[in-house]
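J.:
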Amino acid sequence: MTFDREYFNLGVLDILSCKDTCIHRLDPRTKVIATLLFIIAVVSFPKYEIMGLLPFFLFPVLVFSLGDIPVWLILKKVLLVSSFAAFIGIFNPVFDTAPMVTVSGVAISGGWVSFLSIVLRFFLTMTSVLLLIATTSFPGICHALRRLGMPELFTSQLLFLYRYIFVLLEEAMRMVRARNMRSFRGKGQGARVFVSLVGTLFLRTMDRAERIYQAMLSRGFTGTMRFVRTYRFRATDFALLTVVAAVLYLFRVCDIVGTIGRQTERIF
Amino acid sequence: MSHHIVEFENVRFRYPDGTEALKGASFRITHGESVGIIGANGAGKSTLLMQMNGYMLPSMGTVTIGDLQLTKKTRPEIRKKVGVVFQNPDDQLFMPTVYDDVAFGPLNLGMHAEKVEERVTTALRTVGCLDLREKPPHRLSGGQKRAVSIATVIAMDPDILVMDEPSSNLDPKSRRYLMNLLKGFVHTKIVAAHDLDFILEVCRRCLVISDGRIVADGPAGSILTDRSLLEENHLELPLSLQGRSLRESVVAGSEEKQGAEGSSDEEERSVPG
Amino acid sequence: MTMHMADALLSPAVGTTMWAGTVGTIAYCSRKLQGNIDEKMIPVMGVSGAFLFAAQMINFTIPGTGSSGHLGGGMLLAVLLGPYAALLVMGSILTIQALFFADGGLLALGSNIWNLAVYPCFIAYPLIYRPLTRNDGSPARITIASVTSVVAGLQLGALSVVLQTVLSGRSELPFGTFLLMMLPIHLAIGLVEGIVTAGVINYVKAARPEILESVDQSRPLSAGVRVRNIALVFLGFAIVTGGMLSWFASANPDGLEWSIEKILGKPELGRQDGGMASALKSVQEKTAILPEYDFRKSEGAAEGAGDGKGEQTWPVAAPGRSASGIIGSFIVLAAVLCVGFVLRALRRKTEGGR
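Chains as they are written, first to last, in numbering that gives the first Met the number 0: chain A, 0 to 267; chain B, 0 to 272; chain C, 0 to 353.
(1) Quick one: residues in its chain with C-beta nearer than 7 Å to the C-beta of L65(A), no 5 flanking neighbours on either side, listed in chain order?
(2) Report the neighbours of P54(A) on chain C: residues whose CB is nearer than 7 Å to its CB, in chain order.
(3) Residues in its own chain within less than 8 Å of I127(C) by CB, not counting five upstream and five downstream?
(4) Take K30(A) and list the residues in its own chain whose beta-carbon comes closer than 7 Å to its own, dropping the five residues that flank it on each side.
(5) Would you tell me roughly how many angstroms separate the C-alpha atoms of R132(B) and A154(B), rounded to the nearest one?
(6) So which residues on chain A does P173(C) lean against when the C-beta distance must stay under 8 Å?
(7) What residue range is occupied by the uninterrupted alpha helix (DSSP H) comprising P138(C)?
(8) Using CA coordinates, which residue listed in Y98(B), D210(B), P237(B) is at the minimum distance from L223(B)?
(9) Taking DSSP as the reference, what is the three-state secondary structure of F26(B)?
(10) Is the shortest distance between the beta-carbon of T312(C) and the beta-carbons of chain A less than 8 Å?
(11) Kindly say whether H185(C), judged by its beta-carbon, lies nearer than 8 Å to any beta-carbon of chain A.
(12) Using three-state DSSP, classify E212(C) as helix, strand or coil.
(13) Can you have a look at G307(C) and say buried or exposed, based on whether 16 or more other CB atoms are within 10 angstroms of its CB?
(14) Rounded C-beta distance between L228(B) and V201(B)? I'm assuming under 8 Å.
(15) What residues of chain A sit near V83(B), judged by a beta carbon separation below 7 Å?
(16) For a test of the three-state rule: what should DSSP assign to Q68(B), helix, strand or coil?
(17) Assign V11(A) to one of three DSSP states: helix, strand, or coil.
(18) K188(B) lies in the beta strand (DSSP E); which residues open and close that run?
(19) From I268(A) to T126(A), what does the alpha carbon distance come to, in whole angstroms?
(20) Quick one: is D16(B) buried, meaning 16 or more other Cβ sit within 10 Å of its Cβ, or exposed?
(21) Under 8 Å between the Cβ atoms of L8(C) and I87(A)?
(22) Using a C-beta cutoff of 8 Å, does Y202(C) count as contacting chain A?
(23) Taking the alpha-carbon positions, what's the V13(C) to A245(A) distance?
(24) Does any CB atom of chain C fall closer than 8 Å to the CB of T29(A)?
(25) Taking the straight line between their C-alpha atoms, what separation do you get for L144(A) and N58(C)?
(26) Can the beta-carbon of I37(B) be found less than 8 Å from the beta-carbon of L195(B)?
(27) Would you give the residue range spanned by the alpha helix (DSSP H) that S110(C) belongs to?
(28) So, helix, strand or coil for M59(B), using DSSP?
(29) Does DSSP put S173(B) in a helix, a strand or coil?
(30) When the Cα of F114(A) is compared with those of D236(A), L25(A), I49(A), F183(A), which residue comes out closest?
(31) With 8 Å as the threshold, decide whether the Cβ of K76(A) is near any Cβ in chain C.
(32) Mind checking whether P59(A) and G139(A) have CB atoms under 8 Å apart?
(33) Note down, in chain order, each residue of its chain lying with its Cβ closer than 7 Å to the Cβ of Q86(B), except the 5 sequence neighbours on either side.
(34) Figure out for me which residue from R347(C), V338(C), I325(C) has the closest Cα to the Cα of V100(A).
(35) Quick one: grab the DSSP three-state call for G71(C).
(36) In angstroms with no decimal places, state the Cα-to-Cα distance between V161(C) and G142(B).
This is how it looks when you write it as structure tokens:
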């Protein structure tokens, strides 16, 4: 079950990244940098911040709609991984009980406020990462990393890893199924079988690496990976990045929610 | 012309653990020939193929490709002439997209972007996979992977094309497609396979290897119809030639077939319990 | 996957500092490998990463508890591939997990790679595993070495997670309590993983000893000089980290406010970064105190004494402001959703309604 889930997860985001929308067409570097800036802006808020985080929802919404990414798919994944942060976050109301704000007569402790803040941050940051991969293929991200300065050795083997993840997952899946079919009532699922499964898988992997290397040599490999792929960092990319950075900064330092609220009050 | 000759002279090869896989193999293949190499498992087929592009060097004897004798120094040059398509396409397609894989060879040969583009397009078009350019290999079907792995090799424009079990794991339609594709190639073709029908269709000449030696070398038509020769070497007639007798024995009952053919695999599988 | 840091709990200061450390380490390892690399390393590393990723999916039942165990793998890779390659591979696996499974997040990835790869490869392996197995490669010795180094690596990683969380100041968990939660759990995990890791190492060694031999020969990481280098690097990193963090939480938060005020103009535009600065300031206060000390009390006192420009955006005694806050919130959220729907509809129209 876990296997199939992982396989599906990888596969589905992989397929999404092949779409052709204006977001998908951007240079991967733009998207990586923009996502990083977004995350840094979001987490830079003090711990009791809630209102200031709200305008930031604009970004994921824009990407969802312009990039044609199914919302529920991403939300499900975010929920799935929320356990650690939620677990740590839930201690905030436990330890921070001083009342902070009163809303229509009900006193809410600072702990709950900071917990909500954590939840909002979590949602924003996790969504942005998944949207990044959903709109930029993994090889795209690897190329972006390479152009942004990460060592070539690292990015080359990253590409290999990605290429062979599906192959290895299948291979491992087959071995696990074979094990499960021949084990009953917990016998055969223990550590000893696991060890030989993993050991065998590793040895097979080494054999495979050998064969791949053979294939590389026979096509003239001399030690460095060469790529033709040239993403071009166009004027649009640059302009977009500037706009994004500016808006992020604006959202971060201005009290948008408060101002709008006050103006609305003034009108009515 | 001497360019595209493949010549093995008394080639011996011993693995580091002592196994002698080749015990004096000799043959000569000239330009444009299509040669099948058949033999039982463990007879030395794969080892033979690995000598052809220098992945392994002979312990004794000489391998000559064109004008060059195979040595460590001449290996890189020889690899430009000899393209090897391996058995498992997953081992051969290791780049993020089909385009990257097919471009890998030309890029390593030092070509610049436009020339690479040209080579890739031609190669993909030849194997009929031009529309798969941007696909990642793990999204391809078995037949597509096989076709693309051939493209990765012919993009380097080798003189000699070597293939190890090209029809394995292919569905009948893909297999037929591959057969037609190969029949249309003008390269020197060397195909090692268990699929005797495939060899019969694609190759004009046949080498039988057994226990590290070439035990037969002649027109595919004669070798693949020589039942006793084949059976001596752990093989049998191509299924398409067994025709009438096979059908009859299947209909008549398995016992007769077991006795007459003597094929051990079939026997073991049909024994109950 | 309990040990992954999450973006939501991080502050930019801690996150970027850890990233700096991780990128430096990756660059170092890459350079190290580039020099005397076996050409085969690129496919070997790549496929090993895929292998470990797949192996992490396989579970086994732990006898006696009925729960299932998994393999983390940092240590295993270090033994099978050498520490430099292992770090790059672990880093790649964590990158894939961060991107495809949102395991932690992009900013936290720097911390996660540090916590889960640097400690096994550059502390546990050279300082514990290698010395223990150098002269005695028996299965028993390997098991002991493996368990000790895995446990050590995980404990260091767990400690780091706690430190990073506390230093970021988003969570209220006191240092001591958090530590008390994390360490015993990871001790148990480490014991199980260590045994299983030893099993795999012994399996591979028995089947193909040459794999491990080549690692042994080319990585003299346990030589005395090397250990000193490692210690120096860590010391240096600690100093730099401390320095960076102190700079961020500069002793003069008002200075930070002042400069931002200058840039933005008057406070009519809204709050200043006073929130961030005083938050960081209280963090600095916290970290200066002994871990067991219950510093929440002092924090409460500081808040009470703080001015309206403190960490709070909704001061306790300003109901008017909170009302406008709620109104504003709804409007902003509604506006954002509207934008989304409109754009989606527009896009569908231009693409001919997919």
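Every residue, glycine too, gets a C-beta built ideally from N, C-alpha and C.
Since the model is a prediction, treat every value here as computed from it, not as a measurement.
T.: With the given structure in hand:
(1) T20, C21, I22
(2) V331
(3) A144, T147, S148, A151
(4) L131, T134, T135
(5) 14 Å
(6) F94
(7) 138-167
(8) P237(B)
(9) strand
(10) Residue placement at T312(C) cannot be trusted, given a pLDDT of 37 that sits under 50; what the coordinates show is reported in the next sentence. Taking Cβ atoms only, chain A reaches closer than 8 Å to T312(C), which makes this a yes.
(11) no
(12) helix
(13) Only weak support is given to the placement of G307(C): the predicted model assigns it a pLDDT of 34, under 50, and the value that follows is read from those uncertain coordinates. Classification for G307(C): exposed.
(14) So it is not a contact: roughly 20 Å between Cβ atoms.
(15) S217
(16) strand
(17) helix
(18) 187-191
(19) Residue coverage of chain A in this structure runs from 0 to 267, which leaves residue 268(A) outside it and unanswerable.
(20) exposed
(21) yes
(22) yes
(23) Going from the Cα of V13(C) to the Cα of A245(A) covers about 23 Å.
(24) no
(25) 33 Å
(26) For I37(B) and L195(B), yes; Cβs fall inside 8 Å.
(27) 105-112
(28) strand
(29) S173(B): helix per DSSP, three-state reduction.
(30) I49(A)
(31) Interface residue, yes.
(32) no
(33) D163, E164, S167
(34) I325(C)
(35) coil
(36) 52 Å
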